[in-house]
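Working notes for the structure below.
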Amino acid sequence: MAKSLPWATIETLPSASGEELAAWEQLVDSAGDPEARLHALVGRALATYWAAQTGASPDSWDTLAQRRATDVSEAVELARRGPRHRVDLLATALLGRLAATWGPDAATGRVRDVEELGELLEVLDDTELRLRAREWLVLGRFDAGDLAGARREIAHFVGELSGTREPLFHRRVALWHANLAMLEGRFDEAVRLNQSTISHTADSAGAPFSFQNVAITVAVERYFRRRLDEVIDTIASIRASSPRVGANWEVGLAFALAESGQLDEARDIFDA
């Protein structure tokens, strides 16, 4: 039986272990056919997403990011060269590329992959792959600023959720509605939905990730209300206690300081 792909790795910040990476490395090296290699390449790419932050790999983020991009590109090519009826392989490879290269630098390529996944939905039978594809259709609408389109895609996603117990799928729906509330100016509702959803599903997404997600939501709400100065101490505390993602919070702290008129303090962070 094939090793399950670690899809949740991307959102369980920060999760990576040397043992997990070694297992996927071995699967890549020992793959005896294109399908097995495709599966192993996607698995390795997902497993290494947080490897630099956790110390599971001695390589830098940039080195691992390039390796992930290479792995998932090969996986997509293997899928395209395979049997045309194996749309599940192409969907897996495209989903792997979207997840493993997630970030602003991949925004242009993401649009093309999401569009292709939308086309595959017409012939894709696997329930989990369909839901993962629909996730990206929702995110694609959010990326484009199309809130009406996001609502439609969320409705399609919910329509396929019946009978599925995977908590992260149900969690997404609630967080998407919170995102809509934030983008539509319903700030109190957005914060309430985020805090409620994340606090009830921390065990399925990793407590550190969930706590920081709440903090980000509150910071965004304060930004829109021009009250970022109220969360400066919180951001500074998270920055100090989360060295593995400290650089992210340093940027957030500098931004909050600058927006609050504390330009010298913000400049000191960037000059350090």
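Throughout the sequence shown, residue numbering follows my numbering, covering 1 to 272 in sequence. Backbone N, C-alpha and C fix where the C-beta goes; we use that ideal spot for every residue, glycine too.
* Just confirm the distance between the C-beta atoms of Leu180 and Leu147, as a whole number of angstroms; I'd bet it's less than 8 Å. => Within the sequence shown, the letter at position 180 stands for residue 180. Within the sequence shown, the letter at position 147 stands for residue 147. Yes, Leu180 and Leu147 are in contact; Cβ-Cβ is about 6 Å, under 8 Å.
* Just the Cα atoms here: how many angstroms apart are Glu77 and Asp105? -> For this step, residue 77 is matched to residue 77 along the sequence shown. For this step, residue 105 is matched to residue 105 along the sequence shown. The alpha-carbon atoms of Glu77 and Asp105 are separated by roughly 21 Å.
* To do: Mind reading off the beta-carbon distance from Thr48 to Leu90? Whole number of angstroms is fine, and I expect it under 8 Å.
  => The residue given as residue 48 occupies position 48 in the sequence shown. The residue given as residue 90 occupies position 90 in the sequence shown. So it is not a contact: roughly 22 Å between Cβ atoms.
* Pick out the complete alpha helix (DSSP H) segments inside the stretch 164-219, 4 residues or longer, and give them in chain order. => 167-183, 187-200 and 202-205
* **Beta carbon of Ala16 nearer than 8 Å to that of Thr54** => Reading the sequence shown from its first residue, position 16 is the one you call residue 16. Reading the sequence shown from its first residue, position 54 is the one you call residue 54. Result yes, Cβ atoms of Ala16 and Thr54 sit closer than 8 Å.
* Burial state of Pro6, where buried means 16 or more other Cβ atoms lie within 10 Å -> Here the question's residue 6 lines up with position 6 in the sequence shown. Answer is buried; the Cβ neighbour count reaches 16.
* Asked: Using the beta-carbon count (16 or more within 10 Å), is His85 buried or exposed?
  -> Position 85 of the sequence shown, counting from 1, holds the residue named residue 85. His85 is exposed by the Cβ-count criterion.
* To do: Just tell me which of Arg226, Arg186, Arg172 and Gly185 has its CA closest to the CA of Asn213.
  => Taking the first residue of the sequence shown as 1, we reach residue 213 at position 213. With distances taken between Cα atoms, Asn213 lies closest to Arg172.
* Determine, using beta carbons only, whether Leu64 and Ala52 come nearer to each other than 8 Å. => Sequence index remark: in the sequence shown, residue 64 carries index 64 (1-based). Sequence index remark: in the sequence shown, residue 52 carries index 52 (1-based). Yes, the Cβ-Cβ distance between Leu64 and Ala52 is below 8 Å.
* Under 8 Å between the Cβ atoms of Leu27 and Ala45? -> Along the sequence shown, read from residue 1 onward, the residue named residue 27 stands at position 27. Along the sequence shown, read from residue 1 onward, the residue named residue 45 stands at position 45. For Leu27 and Ala45, no; Cβs fall outside 8 Å.
* Asked: By a C-beta neighbour count over all protein chains shown, 10 Å radius and 16 as the cutoff for buried, is Val251 buried or exposed?
  -> Residue 251 sits at position 251 when you count from the first residue of the sequence shown. Its Cβ having fewer than 16 others within 10 Å, Val251 is exposed.
* Straight-line gap, Ile154 to Trp50 (C-alpha atoms, nearest Å) -> For this step, residue 154 is matched to residue 154 along the sequence shown. For this step, residue 50 is matched to residue 50 along the sequence shown. Taking the straight line from one Cα to the other gives about 28 Å.
* If you scan the stretch 68-100 from start to end, which runs of the alpha helix (DSSP H) of 4 or more residues do you find wholly inside it? -> 87-100
* Can you tell me the Cα-Cα spacing of Thr101 and Ala133, whole angstroms? -> Residue 101 sits at position 101 when you count from the first residue of the sequence shown. Residue 133 sits at position 133 when you count from the first residue of the sequence shown. When rounded, the distance between both Cα atoms is 15 Å.
* Spatial neighbours of Glu259 within its chain, please: CB distance less than 6 Å, with the 5 preceding and 5 following residues excluded, ordered by chain position. => On the sequence shown, position 259 is the one that residue 259 refers to. Correct list, in chain order: Leu228.
* Asked: Whose C-alpha, out of Ala144, Val245, Arg239 and Leu98, is nearest the C-alpha of Leu253?
  -> Within the sequence shown, the letter at position 253 stands for residue 253. The residue with the shortest Cα to Cα distance from Leu253 is Arg239.
* To do: Taking only the alpha-carbon atoms, compute the straight-line gap between Ala256 and Val72 and give it to the nearest angstrom.
  => If you number the sequence shown from 1, residue 256 lands on position 256. If you number the sequence shown from 1, residue 72 lands on position 72. Spanning the two alpha carbons is a distance of roughly 36 Å.
* Asked: According to DSSP, is Ala144 helix, strand or coil?
  -> Walking along the sequence shown from the start, residue 144 turns up at place 144. Looking at Ala144 - three-state DSSP - the assignment turns out to be coil, as it is neither helix nor strand.
* Asked: When you compare only the Cα positions, how much space is there between Leu193 and Gly32?
  -> The residue you call residue 193 lines up with position 193 of the sequence shown. The residue you call residue 32 lines up with position 32 of the sequence shown. Approximately 47 Å, taken between the alpha carbons.
* State buried or exposed for Leu183, treating a residue as buried only when at least 16 other CB atoms are found within 10 Å of its CB. => Within the sequence shown, the letter at position 183 stands for residue 183. Exposed, because fewer than 16 other Cβ atoms sit within 10 Å of the Cβ of Leu183.
* Local conformation of Pro104 per DSSP, three classes -> Locating residue 104 in the sequence shown gives position 104, where the first residue counts as 1. Looking at Pro104 - three-state DSSP - the assignment turns out to be helix.
* **Residue range of the alpha helix (DSSP H) that includes Pro243** => Here residue 243 corresponds to residue number 243 of the sequence shown, with the count starting at 1. Careful: Pro243 lies outside any alpha helix (DSSP H) and carries neither H nor E.
* Neighbourhood of Glu189 by C-beta distance below 6 Å, restricted to the same chain and skipping five residues each side -> Against the sequence shown, residue 189 aligns to sequence position 189. The answer, listed in chain order, is Ala181.
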